[in-house]
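Notes for the one structure printed next.
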Amino acid sequence: MSGHTVPADFSEHMLDLDEDEDLEVFTKNTSLPDGSPLPNSPSSMVNQYRLEDDDEGKEDANTKDIFVTVDHPESQVTAIETFILYRVVTRTTRSDFDSSEYEVRRRYQDFVWLRSKLEEKHPTLIVHPLPEKFVMKGMVERFNDDFIETRRRALHRFLNKISEHPILSYSQHFQVFLTAQDLAPHRKQGPGFLSRMGETVRAVANSVRGLRSRPEEFAVMQEYVDDFSNKMCCMDKVTQRIVKEQREYVDELKQYSPTYARWGELEEELTEPLKGVASCVVQCSKEAEEHIQHLSEVLVPALHEYVLCAETLKAVMRRRDNIQAEFEAKNEALLTRKAEQEALQEEVDVLADRMEQANNSLKGDWARWQHSMTSDLRSAFISAAEKNVDYYEKCLAVWESFLVSQRADASGGQEDVA
Amino acid sequence: MADSVSSEEVAVISNTDITSTESENNIINTMVERGTALLRKLEINVAEAEKRTGKNTVNMQETYTVYLIEIRPAETEGGTPAAPDTLWRRYSEFELLRTYLLVTYPYIIIPPLPEKRAEFVWHKLSADNLDPDFVERRRVGLENFLLRVASHPVLSNDKIFFLFLTEEKGWRDAVLETGFQDKADSRLKSLSAMFRVKNPDKRFTALKQYSDELNSVISQLLRIRARVADRLYGVYKVHGNYGRVFSEWSAIEKEMGDGLQSAGHHMDTYAASIDDILEEEEHFADQLKEYLFYTDAVRSVCRKHELIQYELEMAAQDLAQKKQQKEELATGTVRIFSLKGMTSKLFGQESPEQKESRLAALEQSIQEGEETVKEKNTECQEFVRAAWDDIEHFKEQKDKDLREALISYAIMQISMCKKGIQVWSNAKECFSKM
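Going line by line, the protein sequences match chains A and B. Counting from 1, position 232 in the first sequence corresponds to residue 223 in the working numbering; the numbering is continuous, with no gaps. Counting from 1, position 165 in the second sequence corresponds to residue 533 in the working numbering; the numbering is continuous, with no gaps.
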């Protein structure tokens, strides 16, 4: 390696003092007894990480000082390409923002830029994933309405996750992303493609050399990450399968009502109950379709998001491993080579520091991430369960009213509504 | 034809006054007139089914199922129920009984037997005749058949039917002795022949059309049901995968572990519940199938009427021709070309004696013809009268039965929804605790 290599951690090159301070303070951080990180970034964070289940929304409303929305996707056509621009609106009371309200237009690539900047700066923090660039399922039209809407929602979640993160939400890049009318000049600054290439090469080289040994807690974490990734993929698959089966069920169910109606026309005495059944089936089909819609909008994206999160976690673990590997390599050089002891010692110290920072960042962020994951998935599952109950309750009502109408017609007062 | 029964009170054994739990146990949706002589005396059950092996007519080993018919005298107030008389019958014997009834009472809509082979099957359901679920449903269907016949104002008085219920060994001979086979063969031949009736009875035409359309609509309904059942089965069973994944996932989580684990159990319960749900729905399908097969019986009555009508028309036509011939012979004019006329022209007039004898023969023939027409006319009129009596009876029965079937279908749907609400409420609670 030449003396002028660009190190993996670019924090030194960012002259924003605030951020450095953040990092330093964060490095010295020790966790609270319950495992959550000490909120030591701007004071408003103090209340943000209680692990009790009470009113999270209310809390956030009290302590959250930045609100971001992504909406109004619009197609942009240029000579070279077509793409979608999303409107990003920010409302904030933070002092480091010049204004309290911003409105900018961003395209998917801009989000990708933001995320890569955040990851560069904080290699072992868990940065929420973006929706995928492409969807595999044979989507012909890239700008199909459903696709755009799904992506918009995911982008919205992404920015919200960033804004809720105690470190990332204070990132300079994040602020620029939210406020600059034109992002282009900012995107040209800083380490770009080549430096990332360098990092990748080094990462590969390190992984080939292998890690001496992973500290116990990270070994446990790695195991968890692998298992979690498996489980999320399974959950994702199962849920998509359920949606598929339900769609096919509804398609078949819809065949009932024209047949019952046709039969009703054939009969005299039976016409009324037959038409009743036909109408019940129509209503139940509608409820089933609504149910499928809800699944597609709530549970499927939530699970898919955490499939992507699992990949993020794997990348974070890899980067942490690399940082440790680099330190170990340099340390070994220090021990074996007799010349350049002083210079090597300095480098080793830098790398040791960097490793400690990286490990602490990850440890700190890990608990936050777990809590966030639990909360997200819990609410997605609850919502799905509620919708199921709602679906069955509505269908129940449909059939019960049919029964009532039939029993009212039947002779005598045989009232035994089931 | 048997005398009509005196109008007794009608006891309706149907689902109107039964709670949903009871309706699950109640198999019979038949409108049973307690007034028929037979049912006043007897209670009839098809209690069991058993597998037997034996040699068949071509001396090959075969496995078949026999069904136990139990007869007990109808319960009297305060009396202890007597031990039942029992005998075993196999499906082919039921078929023989039914064929006999079809031939002997052509103007009656004979109740159908349960299907010979499983049709409208959805994937999980076995199409195997020896499958225990199929056998069980067939047992119920056979009992239903016997009760329908026993409660029919005309059929319940039939001697052969009574023997079917009481004489295990000698019954087959008794049936064959009635000679119904000959009538069956000739009727069958005529029925399959193509013939056109000149003045079709509009009521029967309308009935046949209704019957055909009903057949078509019920078939379609049964096909759709099978596909829907397949799909619903898929939906429920896939949720079983949630059970498995939740369980595995709970092992790696600390906070979420318990909640996931217990939610997983509820997912397993949900997935398992579809089996019972579809089992119940099978009963609804069987009720539809009964009326699907009834349409064949209705069609058969219509065809038989057509045949009688046709025979009447043929007899009348034949008589008219003969009368025409007589007139020509008597007056010597040939209005209609006839071979006899031509030959007499060619080979000379016949002698007055010949003419007399021919006239006499024709006269005789005409008289016979008139007798035949009269008979056919009476036969036709009586057929129509008896048939429409039965058709009205059938219509009432059908409306009542099918209405009850639709109601019990709704009850089933409600039960399914309640189960769903229960399971997902439980699951939600588990999730809330995560």
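The beta-carbon is built from N, C-alpha and C at its ideal position, and this holds for glycine as well. Bear in mind the structure is a predicted one, so any value in this text is a computation, not a measurement.
Query                                                                                                                                                                              : Result
Please name the residue or residues paired with residue 75 of chain A in a DSSP beta bridge.                                                                                       : A:66
Just to confirm the assignment, what range does the beta strand (DSSP E) spanning residue 439 of chain B have?                                                                     : 429 to 441
Applying a beta-carbon distance threshold of less than 7 Å, which residues of chain B neighbour residue 303 of chain A?                                                            : Residues of chain B passing the Cβ test: none, with the nearest at roughly 17 Å.
Helix, strand or coil, according to DSSP, for residue 455 of chain B in the structure here?                                                                                        : strand
Need the endpoints of the beta strand (DSSP E) that residue 289 of chain A sits in, please.                                                                                        : From DSSP, residue 289 of chain A is part of no beta strand (DSSP E); its letter is neither H nor E.
Between the beta-carbon of residue 105 of chain A and the beta-carbon of residue 164 of chain A, is there less than 7 Å?                                                           : yes
If we count Cβ pairs, one from each stretch, closer than 8 Å, do we get three or more for the region 595 to 610 of chain B versus the region 689 to 702 of chain B?                : no
Is the Cβ of residue 297 of chain A closer than 7 Å to any Cβ of chain B?                                                                                                          : no
Assuming residue 641 of chain B and residue 787 of chain B form a contact by the criterion Cβ under 8 Å, report the distance between their Cβ atoms to the nearest whole angstrom. : 5 Å
Could you give the DSSP three-state label for residue 731 of chain B: helix, strand or coil?                                                                                       : helix
Which chain B residues sit within Cβ distance under 8 Å of residue 397 of chain A?                                                                                                 : 771, 774, 775 and 778
To the nearest angstrom, how far is it from the Cα of residue 347 of chain A to the Cα of residue 332 of chain A?                                                                  : 22 Å
Which residues mark the beginning and the end of the beta strand (DSSP E) in which residue 93 of chain A is found?                                                                 : 92 to 98
Rounded to whole angstroms, what is the Cα-Cα separation between residue 413 of chain A and residue 630 of chain B?                                                                : Outside the shown range of chain A (-8 to 409) lies residue 413 of chain A, about which nothing can therefore be said.
Starting from residue 410 of chain B, follow the beta strand (DSSP E) in both directions and report where the run begins and ends.                                                 : 410 to 423
Does residue 82 of chain A come out as helix, strand or coil in the three-state DSSP assignment?                                                                                   : strand
Which bits of chain A does residue 789 of chain B rub up against, with CB to CB less than 8 Å?                                                                                     : 380, 383, 384 and 387
Residues of the region 224 to 240 of chain A in Cβ contact with chain B at a cutoff of 8 Å, in chain order, please.                                                                : 225, 226, 229, 232, 233, 236, 237, 239 and 240
What did DSSP end up calling residue 613 of chain B once you bin it into helix, strand or coil?                                                                                    : helix
Could you please give the first and the last residue of the uninterrupted alpha helix (DSSP H) stretch that includes residue 339 of chain A?                                       : 332 to 400
How would you list, in chain order, the residues of chain A whose beta-carbon sits under 7 Å from the beta-carbon of residue 599 of chain B?                                       : 236, 239, 240 and 243
So, does the CB of residue 585 of chain B fall closer than 7 Å to a CB anywhere in chain A?                                                                                        : yes
If you draw a straight line from the alpha carbon of residue 326 of chain A to that of residue 362 of chain A, how long is it in whole angstroms?                                  : 42 Å
From what residue to what residue does the alpha helix (DSSP H) around residue 507 of chain B run?                                                                                 : 500 to 518
Quick check on this structure: which residue in A:244, A:318, A:306 and A:66 has the alpha carbon closest to the alpha carbon of residue 339 of chain A?                           : A:318
Among B:465, B:730, B:526 and B:406, which has the Cα closest to the Cα of residue 544 of chain B?                                                                                 : B:465
When you compare the CB positions of residue 669 of chain B and residue 477 of chain B, do they come within less than 7 Å of one another, or not?                                  : yes
Can you name, in chain order, every residue of its own chain whose Cβ lies under 6 Å from the Cβ of residue 375 of chain B, other than the five neighbours on each side?           : Summary for residue 375 of chain B: the model assigns pLDDT 37, below 50, so the residue's position carries little reliability, and this model does not support an answer.
Within the present structure, is the beta-carbon of residue 67 of chain A separated from the nearest heavy atom of the ligand COA by less than 6 Å?                                : Because no ligand of any kind appears in the structure shown, any question about the ligand COA cannot be addressed here.
Is any beta-carbon of chain B found at less than 7 Å from that of residue 392 of chain A?                                                                                          : no
Using the beta-carbon of each residue, which ones in chain B are nearer than 7 Å to residue 246 of chain A?                                                                        : 592
Check whether the region 100 to 117 of chain A and the region 152 to 166 of chain A touch, using three or more Cβ-Cβ pairs below 8 Å as the test.                                  : yes
Taking only the alpha-carbon atoms, compute the straight-line gap between residue 123 of chain A and residue 299 of chain A and give it to the nearest angstrom.                   : 8 Å
Whole angstroms are fine: how far does the CA of residue 785 of chain B sit from the CA of residue 507 of chain B?                                                                 : 30 Å
Does DSSP classify residue -2 of chain A as helix, strand or coil?                                                                                                                 : Low per-residue confidence applies at residue -2 of chain A: pLDDT is 43, beneath 50, and the placement is therefore not dependable enough to give any value.
For a cutoff of 7 Å on Cβ pairs, would you count residue 369 of chain A as touching chain B?                                                                                       : yes
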